[in-house]
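J.:
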Amino acid sequence: SAVQLLNLNPMYLAKYAHTYKKFGFDSQWLIVLYREWASYSNFYKYQPISLIRKYFGEKIGLYFAWLGLYTQMLIFAAIVGVLVFLYGCITVDDDIPSMEICDKRNNITMCPLCDKSCSYWKLTMACGTARASHLFDSTATVLFSIFMALWAAMFMESWKRRQMRLNYMWDLTNFEEEEVSNEYFAALHAKAAKLTWRDRMPAYMTFIFLMTFAILFGVIIYRVTTQASLQMSSMPSIRANVRLTVKSTAVIINVVVILILDEVYSKIARWLTILEVPKTDKSFEQRLILKTFILKFLNAFSPIFYIAFIRGKTANTASSYGVLFKQSFSPQCAHTGCLMELCIQLSITMLGKQLIQNNLFEIGIPKLKKLIRRIKTKRAPVQEEQDDKDLKRYEADFFLEPFVSLNPEYMEMIIQFGFVTLFVASFPLAPLFALLNNVIEIRLDAKKFVAELRRPVAARAKDIGIWYNLLRGISKAAIIVNAFVIAFTSDFIPRLVYQYGYSPDGTMHGFINHTLSYFNVSHFQAETHPLQPLHLGYKVEVCRYKDYRMAPWSFNPYDISKVYWAILAGRLAFVIIFQNVVMLLSDFVDWVIPDIPKEIITRIYEEKMQMVEFFMREEHSLYSMPMLDNQDENRPTPQLRRS
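To get our numbering, take the position in the sequence shown, counting from 1, and add 126.
Here it is, written out as structure tokens:
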């Protein structure tokens, strides 16, 4: 278009729609938006979606309509999640496995959790972790996972119905988006072919890759060295809280790394998309969104997937201590499993991204840029200051932040949707935190669009595009992920197998002893033997570790027992049953709820009938005109007399 051609001219700095200053409004629409929509005191009110659409266009109106519906649906998920958490709080004193761990009469000596620097420890030291794990690892968690899968399906169907209503109200039912070719504008900026790898891979991009790997490697080194140094401390209080200290500080560092790499991955995704040279603007945007989502999703969820499905799965067994294989220490979870550590990682990561990245950055960065502009203005001469006060409206709008796209807004909400659905079995309070964040997010974005950004050029759109496909993919993947979390990360299946297969009285009494295997400390290799074997004040001959293996005095010492295979079969059976049942239920919800509301179908049908009647009347009138002409031809024409 002509505007795009003008952008190629360096004489033109920017293009933007006409907007207004914070004070001195002369637009009734903007007054209403600023007072009613961008006010934090109106967080409980519905958004004026129709007015947002009139002022900013359909594309931005659809985003805020989707965000409002998502926040509204989170209310139900948050209520159920709080009830599940309260159920865990109420039943924690009746949880038999936690009581057995906290019972000091059970004089159980546990094997070291790492090589050399770690020593023997009492099982009662895991009492607090066991009680905290029960808050999130209960029977209600399984039911809550099923509920969240159905909730995601209902949310997707509700949005499709809401979208169809908006399409009808905004006259978008027959709208087809035009694809603008990007070849001509790319050709204007085309440069000479570069043949070396240095030209293909710029120096700053190489530095970004190297920095990424250096940061990740640094976090791993921090965890290993810190845990080893704290384990060798002479203070008992420090040694008792080594795992909590290392775990919490490492998660905080990991959140900082995630925030830094998010910005890095955004640059990498754009660079990779430019290398592909998409033919249209729509294709460029879709590819950019997909690459950015994949990189940011892996950045945010890689540590969580590691804790859920990799960490602690190679238990400290005889093979780990060097009897069967000479292998070094691998990080382990507490006796109650990795679910509590997964919950800590998930909660801190989610809160860190929401509070720091989504809110503080969105508030702080625009304020900081405004402050810089204000400082520059004060340094200007007196005459320039007077000229700045007399700036025209469009000149004053130039100093506002430019609107780039809605992709960052959508991206942070899609990642949040992943936190809410993917690992909800380990953190039922995730919907509550997401709800509280979104209540602030809506008003924060509203104030940003009204007062902080240049008014975007209105654009029409009938849907949210590729973001819907990403939401649907996450909701389907959440069913599988939660099935594996419940089966392999929590103790839900081992408890069921013990209670109904091995318990002498059909209760959970004796479950902890059932999960512990024996290890003869004389089988330690020299490089794995604890440096402080008398740490507990007595000589240890046999220690216990969490696994299902044969005793050292059996015919096949340290071999996998039959209980292990029974539990593995139960876990696999649970994954298959849970996945298929929940998938069928979500598909049933998708089938029961129609995509288009009945009243919209009726109105569209009535409008089509009116159009048909209108065309029939027009056609009838056109065909009736020649008949009148024929009748006129049959009439006798007056004859003129000759004089």
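The C-beta atom is built at its ideal place from N, Cα and C for all residues, glycine as well.
Rounded to a whole number of angstroms, what is the C-alpha to C-alpha distance between S392 and T418?
T.: The residue given as residue 392 occupies position 266 in the sequence shown. The residue given as residue 418 occupies position 292 in the sequence shown. Spanning the two alpha carbons is a distance of roughly 6 Å.
J.: Just grab the DSSP bridge partners of M537 for me.
T.: Counting from 1 along the sequence shown, the entry for residue 537 is found at position 411. M537 is not bridged to any residue.
J.: Excluding the 5 residues preceding and the 5 following F549 in the sequence, name in chain order all residues of the same chain whose CB lies nearer than 8 Å to its CB.
T.: Within the sequence shown, the letter at position 423 stands for residue 549. Contacts found: I430, A434, L468, L472, A556, V607, N608 and V611.
J.: State yes or no: is the C-beta of T615 within less than 8 Å of the C-beta of S552?
T.: Residue numbering aside, residue 615 sits at position 489 when the sequence shown is read from its first letter. Residue numbering aside, residue 552 sits at position 426 when the sequence shown is read from its first letter. Cβ atoms of T615 and S552: closer than 8 Å.
J.: Tell me, which residues are paired with Y671 by DSSP?
T.: The count along the sequence shown starts at 1 and reaches residue 671 at position 545. Answer is S643, bridged to Y671.
J.: Nearest to M280 by CA position, among Q736, I730 and P720, is which residue?
T.: Here residue 280 refers to the residue found at position 154 of the sequence shown. Residue P720 is the option with its Cα nearest to M280.
J.: Note down, in chain order, each residue of its chain lying with its Cβ closer than 7 Å to the Cβ of K573, except the 5 sequence neighbours on either side.
T.: Along the sequence shown, read from residue 1 onward, the residue named residue 573 stands at position 447. Excluding residues within five positions, the ones whose Cβ falls inside 7 Å are A164.
J.: Measuring alpha carbon to alpha carbon, tell me which of K286, E538, W247 and M282 ends up nearest I722.
T.: Working through the sequence shown from its first residue, we reach residue 722 at position 596. The shortest C-alpha separation from I722 is found at K286.
J.: Under a three-way DSSP split, which group does T299 fall into?
T.: Translated into positions along the sequence shown, residue 299 becomes position 173. Note: T299 maps to coil in three-state DSSP.
J.: Quick check: the segment 260-278 against the segment 676-686, are at least 3 beta-carbon pairs closer than 8 Å?
T.: Touching, no, given that fewer than three Cβ pairs across the two stretches are closer than 8 Å.
J.: Closest to T375 by CA distance: which of T633, T399, I470 and G214 is it?
T.: Residue numbering aside, residue 375 sits at position 249 when the sequence shown is read from its first letter. Among T633, T399, I470 and G214, the Cα nearest to that of T375 belongs to I470.
J.: Would you call the CB atoms of L711 and L276 closer than 8 Å?
T.: Counted from its first residue, the sequence shown places residue 711 at position 585. Counted from its first residue, the sequence shown places residue 276 at position 150. Closer than 8 Å, so yes.
J.: Is L579 helix, strand or coil when you go by DSSP?
T.: Here residue 579 is taken as the residue at index 453 of the sequence shown, counted from 1. If DSSP states are grouped into helix, strand and coil, L579 belongs with the strands.
J.: By DSSP's criteria, K180 is part of a beta bridge. Which residues make up the other side?
T.: Here the question's residue 180 lines up with position 54 in the sequence shown. Paired residue(s): none; K180 is not in a bridge.
J.: Using the Cα positions of Y213 and L200, report the straight-line distance between them to the nearest angstrom.
T.: As a first step, residue 213 must be located in the sequence shown, where it is residue number 87. As a first step, residue 200 must be located in the sequence shown, where it is residue number 74. Going from the Cα of Y213 to the Cα of L200 covers about 20 Å.
J.: Rounded to a whole number of angstroms, what is the C-alpha to C-alpha distance between D716 and R598?
T.: For the purposes of this step, residue 716 is taken as residue 590 along the sequence shown, with counting starting at 1. For the purposes of this step, residue 598 is taken as residue 472 along the sequence shown, with counting starting at 1. One C-alpha to the other measures close to 12 Å.
J.: Assign E79 to buried or exposed, taking buried as 16 or more other Cβ atoms, counted over all protein chains shown, within 10 Å of its Cβ.
T.: Not covered by the structure: residue 79. The range shown for the chain is 127 to 769.
J.: Alpha carbon to alpha carbon, what distance is there between A258 and V576?
T.: Position 450 of the sequence shown, counted from the first residue, corresponds to residue 576. Position 132 of the sequence shown, counted from the first residue, corresponds to residue 258. Distance between the alpha carbons of V576 and A258: 44 Å.
J.: Please report whether the beta-carbon of N563 lies at a distance below 8 Å from any beta-carbon of chain C.
T.: Given the protein chain composition of this structure (a single chain), no chain C is represented.
J.: How many angstroms separate the CA atom of A773 from the CA atom of Y749?
T.: This structure cannot settle anything about residue 773, because the visible part of the chain is limited to 127 through 769.
J.: Using a threshold of 8 Å, state whether the C-beta atoms of I186 and L532 are closer than that.
T.: Here the question's residue 186 lines up with position 60 in the sequence shown. Here the question's residue 532 lines up with position 406 in the sequence shown. Yes, the pair counts as a contact, with Cβ atoms nearer than the cut-off.
J.: If I follow the unbroken alpha helix (DSSP H) through G591, where does it start and stop?
T.: Along the sequence shown, one-based indexing puts residue 591 at 465. Taken as a continuous stretch (DSSP letters only), G591 belongs to no alpha helix (DSSP H), as it is neither H nor E.
J.: So, at 6 Å on beta carbons, what are the nonlocal neighbours of F618 in its own chain, with the 5 sequence-adjacent residues on each side left out?
T.: On the sequence shown, residue 618 is found 492 positions in, with the first residue counted as 1. Closer than 6 Å at Cβ, skipping near neighbours: I612.
J.: Touch check for the segment 282-299 and the segment 695-708: three-plus C-beta pairs under 8 Å?
T.: No: fewer than three Cβ pairs fall under 8 Å.
J.: Determine whether the beta carbon atoms of Y294 and I726 lie at a separation below 8 Å.
T.: Taking the sequence shown and counting its residues from 1, the one referred to as residue 294 is at position 168. Taking the sequence shown and counting its residues from 1, the one referred to as residue 726 is at position 600. Contact flag set, yes.
J.: Distance check for A603 and V583, CA to CA, integer angstroms please.
T.: The count along the sequence shown starts at 1 and reaches residue 583 at position 457. The count along the sequence shown starts at 1 and reaches residue 603 at position 477. Looking at the two C-alpha atoms, the distance is approximately 36 Å.
J.: If contacts are defined as beta-carbon pairs under 8 Å, then P554 and Y246 qualify, I think. What distance do you get, rounded to the angstrom?
T.: Taking the sequence shown and counting its residues from 1, one reaches residue 554 at position 428. Taking the sequence shown and counting its residues from 1, one reaches residue 246 at position 120. At roughly 35 Å, the Cβ-Cβ gap does not stay under 8 Å, so P554 and Y246 are not in contact.
J.: Here's the rule I'm using: 16 or more other beta-carbon atoms within 10 Å means buried, otherwise exposed. How should S224 be labelled?
T.: Residue numbering aside, residue 224 sits at position 98 when the sequence shown is read from its first letter. That one is buried.
J.: Which residues in the same chain have their Cβ closer than 7 Å to the Cβ of W192, if we skip the five residues on either side of it in sequence?
T.: Along the sequence shown, read from residue 1 onward, the residue named residue 192 stands at position 66. Contacts found: W285 and I590.
J.: Roughly how many angstroms separate the alpha carbons of G183 and A585, rounded to a whole number?
T.: Within the sequence shown, the letter at position 57 stands for residue 183. Within the sequence shown, the letter at position 459 stands for residue 585. If you take the alpha carbons of G183 and A585, they lie about 5 Å apart.
J.: State the start and end residues of the unbroken alpha helix (DSSP H) segment that holds D407.
T.: Numbered from 1 along the sequence shown, position 281 holds the residue referred to as residue 407. Unbroken alpha helix (DSSP H) run through D407: D407 to F435.
J.: Taking the alpha carbon of A652 as the point to measure from, which residue in K242, V708, H635 and Q658 has its own alpha carbon closest?
T.: Counting from one through the sequence shown, the residue named residue 652 turns up at place 526. Nearest option by C-alpha distance: K242.
J.: Please report the straight-line C-alpha distance between E162 and F529, rounded to a whole angstrom.
T.: Position 36 of the sequence shown, counting from 1, holds the residue named residue 162. Position 403 of the sequence shown, counting from 1, holds the residue named residue 529. In a straight line, the C-alpha of E162 is about 22 Å away from that of F529.
J.: Just checking, does the segment 626-635 make contact with the segment 667-681 on the three C-beta pairs under 8 Å criterion?
T.: As far as the Cβ criterion goes, the segment 626-635 does not touch the segment 667-681, which means the pair count is below three.
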